[in-house]
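Counting in the numbering used here, the final residue of the sequence shown is number 488, and the numbers go up one at a time with none missing.
Take a look at the structure set out below.
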Amino acid sequence: MKESLPKTGIQSKNRIFVNRSLNFGHIKLIGFDMDHTLAPYHQSFENLAFQETLKKFIDAGYPEELSSLTFKKDYAIRGLIVDRERGNILRVDGHKYVKDAYHGHTRLTKDDRYSLYNKHSIRAQDFLSVDTFFALSEVQLFIEIVDYMNKNPGKIEKSFAEVYSDLRKFIDLSHRDGTIKTKVLSDPEKYIHRDRYLATTLVRLLDAGKKLFLLTNSHYSYTNVIMNYLLADGHDEFPSWKDYWQYIIVGGGKPGFFNGSQPFFEVIEQSGLLKIHSGDLDSSKIYYGGNAKTFEQLTGYNGDEILYVGDHIYGDIIQSKGLFNWRTMLVVEELNLEVPKHDEVKKFTKEINDKLDDREKLDEELQKIRSILAANKRQAIKASLKSDEKKVQSLESASMKLTEKLDSKKDQLKQLEKNIKVLIDERDSKFHPLWGELMKVGLERSRFANQVCNYACIYSSQVSNLRFYSPYKKFMSFHERLPHEE
Ligand SMILES: [Mg+2]
């Protein structure tokens, strides 16, 4: 995860980071997802989803007491993994090693973690990945209900997996029956952050000759209000939010848009009804559904001429890149807070690295002593066979001294490892009190970071960071050195 360029005066939180070199001058068409990409949501949205879903639990006959469960701001993070069967939430590194786990609010011991998850490598497909912001309230609610079940045995006579399946059902219902959407539409400002540089950023791309398209899974009535909120009055020459886009596709059903074959429909704006579409895509019309293969055929843009900007690794990035070779930009909102923290934790990072060097040296010293002890033992046996008592005694006395030294070094190593652990925990807590840094788990890359690095060509904290860079820029990847190149 090397930075795209030497320090340029662009604030670190506004930088674009490069995993795979990308020549922006070569990009002709840029697509944007809406929810959490153009439209970052405030946490009040998670709170709303939490409360509405909780109501549905109680309506379905779960204990009334659940209504006292409260939404905790900043509690869950993306990249967590849910073990629905056991009711546990896991924090996993890039090697699928479970570094931390909670059952409700109770932390699992190292031994439990080992026997449940680390004895054999976990299969990620057996668990649920928390990839989207929309899943954060879901995970927190699951943690709260599991905790309630532990403290109140017998009050909910269901397995954790059954509770999770209800949770999914109730969340979907809250979205489907309009409970959540109606509230957002009536007061978008309360739930969505309006980036005041969004319009300027898009115009800058248009001025450089790029065409833009919107590809969202949200339906037209919702998209219309949200996009209007984001872009109305954004720029004098673009009175309507629709003026920015060459193509507008709602109800895209990603990842189906990339791996399916659903046809394009045209949205009749007055009625919201759909009619099947044939022929070229018209920039003055709104489309529903569709698929990437037909999209490429109808627009004449293909593969790496297209950059798609989204926030969902699986739905937006993996499929578009893997199946169509579109270039990808991932919006990782968390970097807004996390990147500046790297400066704050610099002293911890340095201290950890120094101590890791000390540990390496100490470990080597221990190995040397162990080798000498083994050699002494071998020579003492030989000397004893030759009845050379003097040599035996001298070797034994030397070994006794070495054993004392070994024990003392072992204690030092133990203490050093403890200190390193304390420093890592302290460093992690600067990012998040429970889960640490999004992109790291202890000293390792997190599973989430691995996915970001493997699938997103470039990534940044928000769309409007594009305005800091030339639309012709060559984003260069400075590959990380391999271990043997040190
Ligand atoms: Mg999205």
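Note that beta-carbon positions come from the ideal geometry of N, C-alpha and C, so glycine has one too.
Check                                                                                                                          : Outcome
Contacts around T39, its chain only, beta-carbon distance under 8 Å, and the 5 residues preceding and following it disregarded : V311, G312, D313, D318, V333 and V465
Alpha-carbon spacing of E191 relative to I354, whole angstroms                                                                 : 43 Å
Extent of the continuous alpha helix (DSSP H) run through A376                                                                 : K348 to L387
Sequence-distant residues of its chain with Cβ nearer than 6 Å to F47 (five each side left out)                                : Y193
Contact under 8 Å by Cβ, Y316 with P257                                                                                        : yes
Run of the beta strand (DSSP E) containing V311, from where it starts to where it stops                                        : I308 to G312
Cβ-based burial, N293 [other Cβ within 10 Å; buried from 16]                                                                   : buried
Cβ distance (whole Å) where G291 is taken to contact Q264 below 8 Å                                                            : 5 Å
beta-carbon K122 near ligand 1 non-hydrogen atom, thresh 7 Å                                                                   : Here residue 122 is His; the residue named in the question, Lys, does not match the sequence. No - ligand 1 has no heavy atom lying nearer than 7 Å to the Cβ of H122.
Whole-number beta carbon distance between I124 and I91, since they are thought to touch under 8 Å                              : No, I91 and I124 are not in contact; Cβ-Cβ is about 13 Å, not under 8 Å.
For G274, the nearest candidate out of Y224, K244 and K57 (CA to CA)                                                           : Y224
Beta-bridge pairing of R206 - partner residues as DSSP gives them                                                              : DSSP, once it has assigned bridges, lists no residue as partnering R206.
In DSSP terms, what L24 is bridged to                                                                                          : F477
Cβ distance (whole Å) where I173 is taken to contact E140 below 8 Å                                                            : 6 Å
Any non-hydrogen atom of ligand 1 within 7 Å of H195 CB                                                                        : no
Touching by the beta-carbon criterion (3+ pairs, under 8 Å), the stretch 434-450 and the stretch 96-111                        : yes
Cβ-heavy atom distance, G312 to ligand 1, below 7 Å                                                                            : yes
According to DSSP, residues forming a beta bridge with T184                                                                    : Answer is none; T184 lacks a bridge partner.
Check: H221 C-beta below 7 Å from any heavy atom of ligand 1                                                                   : no
Bridge-paired residues (DSSP) for V94                                                                                          : V100
Cβ-heavy atom distance, T330 to ligand 1, below 7 Å                                                                            : no
beta-carbon T296 near ligand 2 non-hydrogen atom, thresh 7 Å                                                                   : As presented, the structure is devoid of ligand 2, carrying ligand 1 as its sole ligands.
In chain order, each alpha helix (DSSP H) run of at least 4 residues that lies wholly inside the stretch 134-186               : 136-153 and 162-178
Contained alpha helix (DSSP H) runs [length at least 4] in the stretch 436-462, N- to C-terminal order                         : 449-457
Bridge partner(s) assigned by DSSP for T405                                                                                    : Answer is none; T405 lacks a bridge partner.
For C459 and M478, the rounded distance between their alpha carbons                                                            : 10 Å
Cutoff 8 Å; reference I371; Cβ partners in own chain excluding five residues on either side                                    : L404, K407, L408 and K411
Span separating the alpha-carbon of A41 from that of H28                                                                       : 26 Å
Where G305 sits in the DSSP three-state scheme                                                                                 : helix
Top-ranked residue by Cα proximity to G236, from M36, K352, M331 and D197                                                      : D197
N- and C-terminal bounds of the alpha helix (DSSP H) containing R329                                                           : Segment R329 to V333 is the beta strand (DSSP E) holding R329; no alpha helix (DSSP H) there.
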